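Q: For what it's worth, our numbering labels the leading residue of the sequence shown as -9, then goes sequentially. Glycine included, each C-beta is placed from N, C-alpha and C at the ideal position. If you're wondering where the values come from, they're calculated on a predicted model, not measured in any experiment.
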Amino acid sequence: MSTNLSVAMTEMSKSRPSIPSIMQRPLIVGASVSADWKAKSPGKLLALRYTEESQIRTVAFGGKSGREVLKKVSDDSLSDRTAVIGLDLFFWDAMMKTPDESLHALNTLMTVVKAKQIPIILGEVPNLLPGFQPQAARLNEAMHKAAQGYHACTVVPFTSMLFQILREGALHYNGLRYGLKELIPDGLHIGSIASQYIADTLYDMLLTDNR
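So this is what it looks like as structure tokens:
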């Protein structure tokens, strides 16, 4: 009986909070997309379905690497947060000569959120700048490895999402067809349609993870 109880308690500790509870007071970290450069970020759009904008905290800087952004995030700043959302957190890190500092920053972040049991949502680095993102594969691999080691870590598969759009020539969303120019108007920053699509995709991923 005590063994069964122990197993049950272990399983409960691994269960995810509901989407509304995750989105109550998120911390959004990253670069220009997270900073609402062309449109409200996907993480913010999803959070706004469940909370007020005043409850959302953002630490994001256009053109900054994740290892630089995370220097602005202290343990104390995470104390009341219900989630960390870093969809473009390591985008610029992919252009570095070596991924070592960025991998260390990721590992440090994961150690903190795991200790505090805060759900974290990361995004793969998509190949938007062919030939200029030599560390993308290493960083994406590290993010997926982090997700395997923490039940409350979700990684949005931007690589396969972009590949599918390129293969099909468009995104088919809500009964309409959107070309890449409509989704990423300047070739780098997502527009409002893409942001809404990613928010919906993130919702579906979190819903699946909670089943």
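Count the other CB atoms, across all protein chains shown, that sit within 10 Å of the CB of N164; report buried if there are 16 or more and exposed otherwise.
A: Taking the first residue of the sequence shown as 1, we reach residue 164 at position 174. The residue is exposed, with fewer than 16 neighbouring Cβ atoms inside 10 Å.
Q: To which residues of the same chain is Q14 closer than 6 Å at the C-beta, ignoring the five residues directly before and after it?
A: In the sequence shown, counting from the first residue as 1, residue 14 sits at position 24. Taken in chain order, the residues that qualify are T41, T72.
Q: Around the Cβ of S69, are there at least 16 other Cβ atoms within 10 angstroms (buried) or fewer (exposed)?
A: For this step, residue 69 is matched to residue 79 along the sequence shown. So S69 ends up on the exposed side.
Q: With Y168 as the anchor, note down where its beta strand (DSSP E) starts and where it stops.
A: Reading the sequence shown from its first residue, position 178 is the one you call residue 168. Per DSSP, Y168 belongs to the beta strand (DSSP E) from 166 to 168.
Q: Is it right to say S185 is buried, meaning 16 or more other beta carbons lie within 10 angstroms of its own, or is it exposed?
A: Start at 1 with the first residue of the sequence shown, and residue 185 comes out as number 195. It is buried - the Cβ of S185 has at least 16 other Cβ atoms within 10 Å.
Q: Who are the Cβ neighbours of P32 in its own chain at under 7 Å, not counting the five residues just before and after it?
A: Residue numbering aside, residue 32 sits at position 42 when the sequence shown is read from its first letter. The residues are L77, S185, I188, A189, L192.
Q: Which residues does DSSP list as the beta-bridge partners of I111?
A: For this step, residue 111 is matched to residue 121 along the sequence shown. Its beta-bridge partners are I75, T144.
Q: Name the two residues that bound the continuous beta strand (DSSP E) containing H162.
A: Residue 162 sits at position 172 when you count from the first residue of the sequence shown. Per DSSP, H162 belongs to the beta strand (DSSP E) from 161 to 163.
Q: Tell whether a beta-carbon distance below 8 Å holds between K30 and V49.
A: As a working mapping, residue 30 is identified with position 40 in the sequence shown. As a working mapping, residue 49 is identified with position 59 in the sequence shown. Contact flag unset, no.
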